[in-house]
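Notes follow the structure.
Below, the structure written as structure tokens:
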């Protein structure tokens, strides 16, 4: 049987099949089922600092709203002894997960302030997380913000978190940079132990009935893997970091492709939401079958084998869509 | 003596602290001003705080005070130590049990925040009317005069009751003591321990009922022995006073605080002595000291023990020199020889000093928390000096009717200069009171100073003004009256400067702090003339800060509390500035620490930003302003409104003479229209081009400030330039014009209208047909438009199809501009009733929110139409509202029947055809009502003509004339909240539903006791956090509708206007049309839900979508037609209830405070929904059995 083990963020994993942040990891039952089905590590759902802040402020607002205004009703609610409007339940989940499963638990964090990023990261480390994935979910809408400014923000957050914790830290980010390769390098230089590619943003839609903007969560499709596939292929061997491929990993073949371009692990959410957690079993079995039939002995053996530096036609990864059309009658050299 | 621990707390907490420690069972029911005692007990119990014996008392909320007293009786009879807290009407409901408890010689203590009783009007404020009504129950009555005494006497009562076996009513003045925050020396736990004899506790337990040693108690007795048995208790009453004094002595030995049953204070050779009890003793105490220091010989006898009254001790406490005694009662007993304490004093002295009686006069003071000041007390002493002192006098009012009142010099003041006196004018929502409560605690607990705070609120629930009165000083503060000479005044809202004379109370050289958006150079010119005069004449130091800016920049929104608190400490000098600021920061960390670091950070940031924005204003030599204060009411107000209600609005109600007030509590309708409150920073503005004329905005408007008219366009000729009008879209009104107009000065700015508006601007969808826009720039123009709009004739009601909202909303509301909360969920339903039927309705209103915003002076919202018809409204009590409405119905029916019989007998006089038409009239719609009114008018004309011709039947004709209007249909509506309908008034409601009388009952279901601050009712849904359900209500909501349906003869509907307004409208019309009892249970979102009131209709939608709230109509008339009477108007539950719960703080709080419990209760709540839906679906779809037994 082929050796499926891989190493990600210094963690020895039994396979490259990792469950990425999704509602499936919101409770202990889901986490246990993921482990049973073969997940080699689990990235917990994201802790959103902004949500926690809003929650606290809303609670505060509604506790105080209307108080001390009318002689008969100076308050409207009993004062609770404790509030759990913080990261407590998330940290509790980390603790319980660590006590219940053997696979690594990677905490995922989305902060809004440097203080928030570092404080929550420390909390996660203390709760027992094996690693942290910084889910830097940031859409710059300020027209005066430069690309460099955006990149600096990412780097600052990472640097601050790296200083605050000693467990490995991966960064999950979007592909929307003017030079993604350079950003990747900057982050690695700033201490990233892994790059998770890529973040999938909510894509707003419009409801024509109500004329409201609707946040719309679309599950990934197999086609979505092309983007991370290209970028991992191009960066593998050029920046010294572990790559986690996420977006569009739906079947064993997708995992194989990602391993071949240089990923250490593949992360799945949409496929498991769509087909169920047991889909992991199928993928693992198919992975073993394919490797057996094609005589691969280990994941390690195939990793990076189709990356840009090892590919027969390295320039293929760099071609743009329109270039491929033109290449039918013009030489690659000419159009570059 | 013990080490001293001081706390800065109010009277309610001081009392609850002791009562909790010494009870096994606490049964309570919310009532102002006693509610907080029960709330403390519940909060401590939910946090597992232990009593003296190391167990957590059981706190149970009952369905009424009667229920609480019954539960206490049961608890006592089975050996528990039990207590309760109540006031006013609540105490009245406890009286029957109190006789029993005393008759059975049972140790118990009831703690009473003494309050007025409802007579010509209800009052939530303090006097002794309630406790005086309990004086014959056989309970010992011990009265406290201050927060410290309330704390101490609570313990003395609990201790003495065990020794004496006489139950104790421990009372202290509502609000003045119950709500005054002051520095109190806490009784240490070991003193409490030492004061309670466990052997006596054991003896009490052993007297309890037990099947292990059975006996019977509570027999029925006959003439042979009842009398003798009643006399068996005398030795216990004889022993009781000595026991209490011994207990007070024991307490003194442990704490150093010595009390006496009748405590004299003053000159040993005083000739004039006043006698009183309660908080008035404190002001009298310091006044006596002042007067004696100034050469007088006066004294005060404080009555601590009122029952058992001990003539010998009372008399012995008085100096032998006393020549004149004035006994002051804080109650009124109309028709009596004199008030109770006066009568007791006379009897006591007659029995003990026969032959050498001093002159004894009686007087009344301080009813309903009327101020009782040193000036008034001096007035009483001055009266006693008169050759013929006025007896049965009143003090503190001007009685120009019976001339009972005595004069006093209002300028007389004894406040020592060493006391810092600060007055703060704030808005309820800006956090002023909270900040001041913090300030008192900071000073009380961080310095050697004594500190006192008392807070005055107005009676409106939206945009209410708060006035905080704070005193600080090195000496103990007995001045328990409002500050009228302040050395620090803060005005937190610029609008107040124009409405009231804020600086009137400022002393020479005082300090004025003003929150204003204007900078120090320009702020002077923004002040009205009067304020400038005060500042110059009194040489005030004037500071200004733009607190809203600082708060906004610190992320605090419109909460300026922290900012203003820092300013106060920075300039008042009560504490060193840096120490004060450190203490404020500590208090912030303590208060908000468990609510999140960012909340703490924002407050700290506000503290740090403040001083840089605080500026002293240099004061010009001369007054520059010509701006006068705003008049309290509009220029067109009738004389009574201007001279009486207007004075109340201007906060000069204390000076209104007796003769100006109605003798029987009757006030004119529709007076809110004259009080322009200008609360809203933004008001809705109509865009006729986008509007689809659906009427929804007007329907949901809680304050009836959005009005619609369809009218003949010819009137527009005289319209103001900016008046908006467009062609009516309704096909039936195709020749008319249409306007939606906002009352700019009455709007509260809640924005519910904007949120429900379905019409969006096609070019910018964030604009709707109605949009919020800043009020000040358009105020004048819109005032003119509003006035013009009012002049446009109302559409003939016969032309309005009431079943369609777009037409129905053109009907004139006869309930407008109430003082309800901005965005209130109840008032749109009331307004709807008044639109549909207001011109022919009598309303019985249960006490609660709806009676407060419906009937609290100064101005009231039920109004009249152009014919002077409108709702006739009254409030009886909390517990009897259905019965009250039933009485109205029976009365109207009886009078209508008499009228019909008389008309029958006078067919010849009025004409047979007319009489028949009247008697057989169809009055089911507007046209029918209109025609009947015309007919009745004709009948009256013919009767008058007949009378003029003097033909012998005069008496009968006059009788018919007096009640002929009863021949026009009259509706009876019964309004109330869920506290009334589900709990305290349920039995009456049930009785009415079981009757065949045509009564329409509207239950505005907020699922908590809203008016008293959010206590759980039986309507509270499972998993909701409420007071007395701090851990989430474990039981499901009572299904009142299902119970009502079980009779089969009552119309029942459940509605939620925000979810399906058309169903709501249909239900109201069907309920009114149904000839028997009708019950409408209306989902009413509420401030007590912890929601955004501006989008609250979405919460209603979610409640219905999740199945948490079902919409249905049960109409027995359908059954008569062989149809299933139940129509389910809801769709199957679609939204997980958890998602609805997350929209409301009342549920979210459980998730935040007890996540494990919330998971389970949320799960059960979801199950409830499935079960309820299945049941209702079955009930609505089952084949209906006819009377013949067929399917």
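Protein chains in written order, with the numbering used here: chain A, 1 to 336; chain B, 10001 to 11191.
Glycine residues also receive a C-beta, built at the ideal position from the N, C-alpha and C atoms.
Computed from a predicted structure; not experimentally measured.
With a cutoff of 8 Å on beta-carbon distance, residue 10602 of chain B and residue 10564 of chain B are scored as not near each other. Residue 11143 of chain B sits in coil when the DSSP states are folded into three classes, being neither helix nor strand.
DSSP places residue 10290 of chain B in the uninterrupted alpha helix (DSSP H) bounded by 10280 to 10293. Close CB contacts of residue 10099 of chain B within its chain, under the 7 Å cut and outside five residues either way in sequence, are with 10137 and 10138 (chain order). Taken in chain order, the complete alpha helix (DSSP H) segments of 4 or more residues contained in the region 10241 to 10286 of chain B number zero; there are none.
Per the coordinates, the alpha-carbon of residue 10781 of chain B lies some 28 Å from the alpha-carbon of residue 10558 of chain B. The Cβ of residue 81 of chain A sits closer than 8 Å to at least one Cβ of chain B.
8 Å or more divides the Cβ of residue 10154 of chain B from the Cβ of residue 10270 of chain B.
Beyond the five residues adjoining it in sequence on each side, residue 252 of chain A comes within less than 7 Å, by CB distance, of 283, 286, 287 and 290 in the same chain, given in chain order. Per the Cβ contact rule, the region 10753 to 10772 of chain B is not in contact with the region 10716 to 10734 of chain B (fewer than 3 Cβ pairs under 8 Å). Straight through space, the alpha carbons of residue 181 of chain A and residue 175 of chain A are spaced by roughly 10 Å. Under the 8 Å Cβ criterion, the region 10651 to 10667 of chain B counts as touching the region 10400 to 10409 of chain B, having at least three qualifying pairs. The closest CA to that of residue 10825 of chain B, considering only B:11005, B:10763 and B:10671, is found on B:11005. For residue 11011 of chain B, a Cβ of chain A is located within less than 8 Å of the residue's own Cβ. At a cut-off of 8 Å between beta carbons, residue 10594 of chain B contacts chain A. Under a criterion of Cβ atoms nearer than 9 Å, no residue of chain B is adjacent to residue 156 of chain A; the nearest Cβ is some 20 Å distant. Taking 9 Å as the upper bound on Cβ-Cβ separation, chain B lies near residues 52, 53, 55, 56, 57, 58, 59, 60, 61 and 62 of the region 37 to 62 of chain A. Taking a Cβ-Cβ cut-off of 9 Å, the neighbours of residue 10428 of chain B in chain A comprise 66, 67, 68, 69 and 70, given in sequence order.
Within chain A, not a single residue places a beta-carbon under 7 Å from that of residue 10231 of chain B; the smallest gap is close to 43 Å. When Cβ pairs closer than 8 Å are counted between the two stretches, the region 11020 to 11030 of chain B is seen to touch the region 11135 to 11151 of chain B, the count reaching three or more. Beyond the five residues adjoining it in sequence on each side, residue 10560 of chain B comes within less than 7 Å, by CB distance, of 10430, 10431, 10492, 10515, 10547, 10548 and 10551 in the same chain, given in chain order. Contact with chain A is absent for residue 10442 of chain B, since none of that chain's Cβ atoms lies less than 8 Å from the residue's Cβ. For the C-beta of residue 10854 of chain B, not a single chain A residue is nearer than 9 Å; the gap to the nearest is close to 15 Å. Taking C-beta atoms as the reference points, residue 109 of chain A and residue 132 of chain A count as a pair closer than 8 Å. A direct Cα-to-Cα measurement between residue 10647 of chain B and residue 10919 of chain B gives close to 48 Å. In this structure, DSSP gives residue 10550 of chain B a helical state, which the three-state scheme calls helix. In this structure residue 10486 of chain B does not touch residue 10456 of chain B by the C-beta definition: roughly 13 Å separates them, more than the 8 Å allowed. Judged by DSSP in its simplified three-state form, residue 10073 of chain B adopts helix.
The region 10204 to 10216 of chain B and the region 10169 to 10182 of chain B do not touch, with fewer than 3 CB-CB distances between them shorter than 8 Å. Non-local beta-carbon contacts of residue 10084 of chain B in its own chain, meaning distances under 6 Å to residues more than five positions away in sequence, involve 10027, 10028, 10068, 10072 and 10110 in chain order. Taking the Cα positions, residue 11116 of chain B is about 37 Å away from residue 11013 of chain B.
One alpha carbon belongs to residue 150 of chain A, the other to residue 199 of chain A, and they sit about 16 Å apart. Rounded to whole angstroms, the gap between the alpha carbons of residue 10572 of chain B and residue 10545 of chain B is 15 Å. Three or more Cβ pairs closer than 8 Å define a contact, and the region 10322 to 10342 of chain B falls short of that threshold against the region 10285 to 10298 of chain B. For residue 10451 of chain B, there is no enclosing alpha helix (DSSP H); the enclosing beta strand (DSSP E) covers residues 10450 to 10457. For the region 11125 to 11147 of chain B, the residues whose beta carbon sits under 7 Å from a beta carbon of chain A are, in order, 11145.
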